[in-house]
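Under this note's numbering, the first residue of the sequence shown carries the number 7, and numbering increases by one thereafter. Ideal Cβ placement from N, Cα and C applies to all residues, glycine included. Bear in mind that the values here come from a model prediction, so they are computed numbers and not experimental data. Read through the structure below, which is laid out as structure tokens, and then see the notes.
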Amino acid sequence: MNPRMVYSAHGAAKQVTGSCHLVTCGDTRVLIDCGLFQGGNNHHDLNFDPFGFDPASIDVLLLTHAHLDHCGRIPRLVRQGFRGRILATAATRDLARIVLLDAAGLQEEDAARAERSGQRRGEHAGEPLFTLDDAFHSFDYFDTPVAYGQTVVVGAGVTAKFLDAGHILGSASILLTLEDRGQTRTVLFSGDVGNHDRPILRDPTPAPAADYVVMETTYGNRPHRSLPDSVDELYRAIRETFARGGNVVIPSFALERAQEILYYLHRGAVEGQLPEHMHVFLDSPMAISATDIFRRHPECFDASFLAQLREGDPFAAPDLRFTRDTSQSMSINRIEGGAVILAGSGMCTGGRVRHHLKHNLWRERSSVVFVGYAAEGTLARRIVDGARAVRIFGEDIQVRAQIWTINGFSAHADQGGLLNWLGDAPRRKVFLVHGEYERGMAAMTEQLTRKGIPSQIPGMHESILLA
Ligand code: ZN
Numbered sequence: 007m008n009p010r011m012v013y014s015a016h017g018a019a020k021q022v023t024g025s026c027h028l029v030t031c032g033d034t035r036v037l038i039d040c041g042l043f044q045g046g047n048n049h050h051d052l053n054f055d056p057f058g059f060d061p062a063s064i065d066v067l068l069l070t071h072a073h074l075d076h077c078g079r080i081p082r083l084v085r086q087g088f089r090g091r092i093l094a095t096a097a098t099r100d101l102a103r104i105v106l107l108d109a110a111g112l113q114e115e116d117a118a119r120a121e122r123s124g125q126r127r128g129e130h131a132g133e134p135l136f137t138l139d140d141a142f143h144s145f146d147y148f149d150t151p152v153a154y155g156q157t158v159v160v161g162a163g164v165t166a167k168f169l170d171a172g173h174i175l176g177s178a179s180i181l182l183t184l185e186d187r188g189q190t191r192t193v194l195f196s197g198d199v200g201n202h203d204r205p206i207l208r209d210p211t212p213a214p215a216a217d218y219v220v221m222e223t224t225y226g227n228r229p230h231r232s233l234p235d236s237v238d239e240l241y242r243a244i245r246e247t248f249a250r251g252g253n254v255v256i257p258s259f260a261l262e263r264a265q266e267i268l269y270y271l272h273r274g275a276v277e278g279q280l281p282e283h284m285h286v287f288l289d290s291p292m293a294i295s296a297t298d299i300f301r302r303h304p305e306c307f308d309a310s311f312l313a314q315l316r317e318g319d320p321f322a323a324p325d326l327r328f329t330r331d332t333s334q335s336m337s338i339n340r341i342e343g344g345a346v347i348l349a350g351s352g353m354c355t356g357g358r359v360r361h362h363l364k365h366n367l368w369r370e371r372s373s374v375v376f377v378g379y380a381a382e383g384t385l386a387r388r389i390v391d392g393a394r395a396v397r398i399f400g401e402d403i404q405v406r407a408q409i410w411t412i413n414g415f416s417a418h419a420d421q422g423g424l425l426n427w428l429g430d431a432p433r434r435k436v437f438l439v440h441g442e443y444e445r446g447m448a449a450m451t452e453q454l455t456r457k458g459i460p461s462q463i464p465g466m467h468e469s470i471l472l473a
């Protein structure tokens, strides 16, 4: 009888977000990630679509990391019947908790707003994708945390090994070993692959031998600027903006990026590259909580960061203020110059950063510094692409501030980094996911063809036999 091993993508198929992959081996059904689709309105609808499989039939969910586009549909999965185990590293479990609670709060707010404004679309008008109760319920299914390098039995015929992906705190690539009817196959899920030589985290573990690799291609089409150049540019943006009396707004992802920027602000001040009188605001309750979680997971840090921790707090920029309360956040709006404001969301699709943009975008003296990925259809992307005016809270705001786009801070490996991570080991096939179809995926297909590695771009819900 033929072995029964099948792979299918139920998100991040020919697109960047919504990572969700199903592997069936005999009677065991394993999900790898269950992420949210993010971006424009049709992405919103995709989140309400059926998963493409029965959530109740899944035995185990393996979570690569805590970014919303990898974990954001978990509460919905549980709401629709998932009762299996969720396996993740300890740091991913802690971070996923705050990410999902934050997302649930936003879902409830969005639904209430849609209800109020009467924008009823389809049958899910006014219904949140999931609620706070759903998020709390989903925490019941997180099992004992998995350590890097540890091999865990996932189910009959399936084991998994988590490898450090160097992308965000706790992030992992996951190697699955499948056995059915005398045949063994290995499948490696890259998760999101990070960069070498970054502060805080270790370098990504290179891809081990595996028959199949399911690889992200977020930056599959281009190189990043070097990190030292990017740090210099950040310092220059702050110095120039302060010299003309403005503020620097940094829309920032709450996980990793915010902590990395805090680290560089601290270092810049210590090295004398940044002004002494610099008010730094971390204006994001989630980023504040995430920074606390960072401090609790030294097992994820690289050696040099551990050494710096022993000397003091490497996140503590001079005059750093954590603003959790809304009233504290609003008082920042009265500051006209000399402040660095880190706030979420990174793509400006929600969160407090939109208030800071409203108060600073129209001011020539201020700067907005983008240090992260901006997906198509987001406010961040419109500003990065050079919009002269943008609509925020129903008001047209002129864009007169200086706009900086510094892409070297990316937590994602660039094209060269991904190819290095993959290495030259023979593969039966590499499946390309989690990228812009016409850009990252197309460029990576070309690169792999040149190296003689067979590749395929899976379609949404397409079942592929792992022969
Ligand atoms: Zn990620």
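key: Span of the beta strand (DSSP E), counted from its first residue to its last, around R474   = The shown model of the chain, from 7 to 473, leaves out residue 474, and the question about it has no answer.
query = Taking 7 Å as the line, does the beta carbon of H16 fall inside it for any heavy atom of ligand 1?
reply = Mapped onto the sequence shown, residue 16 falls at position 10. Incorrect: H16 has no Cβ contact closer than 7 Å to ligand 1.
request  = Please classify K457: is it buried, with 16 or more other beta-carbons within 10 angstroms of its beta-carbon, or exposed?
outcome  = Within the sequence shown, residue 457 is the residue found at index 451, counting from 1. Label assigned to K457: exposed.
ask   = Helix or strand or just coil, what does DSSP make of R35?
value = Residue numbering aside, residue 35 sits at position 29 when the sequence shown is read from its first letter. Looking at R35 - three-state DSSP - the assignment turns out to be strand.
query = Whose CA, out of G252, P134, E266, lies closest to the CA of E114?
reply = Position 108 of the sequence shown, counted from the start, is the residue given in the question as residue 114. That would be P134, whose Cα lies nearest to the Cα of E114.
ask   = Helix or strand or just coil, what does DSSP make of A369?
value = Taking the first residue of the sequence shown as 1, we reach residue 369 at position 363. The sequence given here has Arg at residue 369, not Ala. Note: R369 maps to coil in three-state DSSP.
request  = With DSSP as the reference, label V105 as helix, strand or coil.
outcome  = Working through the sequence shown from its first residue, we reach residue 105 at position 99. DSSP places V105 in helix when its eight states are reduced to three.
query = Looking at C-beta atoms only, is the number of pairs between the segment 379 to 391 and the segment 340 to 348 that lie closer than 8 Å three or more?
reply = no
message = Considering only heavy atoms of ligand 1, does any lie closer than 7 Å to the CB of D198?
response = Along the sequence shown, read from residue 1 onward, the residue named residue 198 stands at position 192. D198: yes, Cβ under 7 Å from ligand 1.
query = What's the C-alpha gap between A407 and A243?
reply = Along the sequence shown, one-based indexing puts residue 407 at 401. Along the sequence shown, one-based indexing puts residue 243 at 237. The straight-line gap from Cα to Cα measures roughly 12 Å.
ask   = Roughly how many angstroms lie between the CA atoms of D51 and D319, to the nearest whole one?
value = The count along the sequence shown starts at 1 and reaches residue 51 at position 45. The count along the sequence shown starts at 1 and reaches residue 319 at position 313. Distance between the alpha carbons of D51 and D319: 43 Å.
message = Using a Cβ-based criterion (distance less than 7 Å to any ligand heavy atom), does H283 qualify as near ligand 1?
response = Numbered from 1 along the sequence shown, position 277 holds the residue referred to as residue 283. It does not: the Cβ of H283 is nowhere closer than 7 Å to a heavy atom of ligand 1.
ask   = Can you give the Cα-Cα distance for T183 and T30, rounded to whole angstroms?
value = Taking the sequence shown and counting its residues from 1, one reaches residue 183 at position 177. Taking the sequence shown and counting its residues from 1, one reaches residue 30 at position 24. Their Cα atoms are separated by approximately 12 Å.
query = Any heavy atom of ligand 1 closer than 7 Å to the CB of I174?
reply = For the purposes of this step, residue 174 is identified with residue 168 of the sequence shown, where counting begins at 1. Flag set: Cβ of I174 near ligand 1.
request  = Please name the residue, chosen from T98, P324, N413, T297, that lies closest to P234 on a Cα-to-Cα basis.
outcome  = Sequence index remark: in the sequence shown, residue 234 carries index 228 (1-based). For P234, the nearest C-alpha among the options comes from N413.
Assigned secondary structure, D289 (DSSP; H/G/I helix, E/B strand, else coil) = For this step, residue 289 is matched to residue 283 along the sequence shown. Coil at D289, not helix or strand.
query = What residue from A215, A216, N201 has the CA that sits closest to D209's CA?
reply = Translated into the one-based positions of the sequence shown, residue 209 becomes position 203. Nearest option by C-alpha distance: N201.
query = According to DSSP, which residues form a beta bridge with H27?
reply = Within the sequence shown, numbered from 1, the residue matching residue 27 stands at position 21. Bridge partners of H27: A15, I38.
key: Cα-Cα separation, N426 to D33   = As a first step, residue 426 is located in the sequence shown; it is residue number 420 there, counting from the start. As a first step, residue 33 is located in the sequence shown; it is residue number 27 there, counting from the start. Cα to Cα, the separation comes out at about 35 Å.
ask   = Where does G400 sit, in a helix, a strand or coil, going by DSSP?
value = One-based indexing of the sequence shown puts residue 400 at position 394. Of the three classes helix, strand and coil, the one that applies to G400 here is coil, per DSSP.
request  = In angstroms with no decimal places, state the Cα-to-Cα distance between T157 and S335.
outcome  = If you number the sequence shown from 1, residue 157 lands on position 151. If you number the sequence shown from 1, residue 335 lands on position 329. Cα to Cα, the separation comes out at about 45 Å.
key: Given 8 Å, three or more beta-carbon pairs between the segment 103 to 118 and the segment 289 to 306   = yes
Collapsed DSSP secondary structure at D140 in the structure displayed = Position 134 of the sequence shown holds residue 140. D140 falls in the helix class under three-state DSSP.
Proximity to I38 [Cα-Cα], best of G17, V237, T247, G441 = Numbered from its first residue, the sequence shown carries residue 38 at position 32. Looking at the Cα atoms, G17 is the closest of the given residues.
query = So does the segment 429 to 440 actually touch the segment 459 to 468, counting three or more Cβ pairs closer than 8 Å?
reply = yes
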